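The opening residue of the sequence shown carries number 3 in my numbering; numbering runs sequentially from there.
Report on one structure; see the data block that follows.
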Amino acid sequence: QVHLVESGGGLVQAGDSLRLSCAASGRALSTYVMGWLRHTPDKDREFVAAIAGSGSTTNYANPVKGRFTISRDNDNNTVYLQMNSLKPEDTAIYYCAAGPWNGRWDFWGQGTQVTVSS
């Protein structure tokens with residue numbers, strides 16, 4: 003069992019940056035692929051980024067490539083999402099998730115709201 007808690011969301015202006023954090027407790031984080039996904043009222047939950055257990059491999063959705071960076075600190079059981087050049091269309095609830103592979107998410111955090119004003 004893994005318990006995930008996100009933090010770092012907020013209200014920013016277009017072009018600003020935010021860093022989201024996901025603190026994990028329970029099993030060692032290095033066991034899992036970690037991901038960030040986001041949800042808006044008019045869209046299904048959307049994949050944003052994922053990182054392998056070792057941190058050696060990352061994947062990004064096309065809309066965030068070049069702007070967002072996912073990273074992890076397994077010693078401190080924390081995953082990060084650095085978001086730069088934010089756009090209004092990035093507005094969403096951002097969720098941290100853990101699973102055995104990218105696309106299979108067994109554990110979820112409660113979400114953190116990111117709002118980008120134009």
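Glycine included, every Cβ here is placed at the ideal spot set by N, Cα and C.
A quick note: this is a predicted structure, and the numbers were derived from the prediction, not measured.
According to the neighbour-count rule (16 or more other Cβ atoms, all chains shown, within 10 Å of its Cβ), is residue i buried or exposed?
{"i": "L88", "result": "buried"}
{"i": "W107", "result": "buried"}
{"i": "E91", "result": "exposed"}
{"i": "A16", "result": "exposed"}
If you reduce the DSSP assignment to three classes, tell me which class residue i lands in.
{"i": "N61", "result": "strand"}
{"i": "D18", "result": "coil"}
{"i": "L31", "result": "helix"}
{"i": "D108", "result": "coil"}
{"i": "D44", "result": "coil"}
Would you kindly report the start and end of the unbroken beta strand (DSSP E) that includes residue i?
{"i": "G101", "result": "A94 to G101"}
{"i": "A52", "result": "E48 to I53"}
So, using beta-carbon positions, are residue i and residue j closer together than 8 Å?
{"i": "Y82", "j": "R29", "result": "no"}
{"i": "W38", "j": "I72", "result": "yes"}
{"i": "R74", "j": "I53", "result": "yes"}
Tell me, which residues are paired with residue i by DSSP?
{"i": "R69", "result": "Paired residue(s): none; R69 is not in a bridge."}
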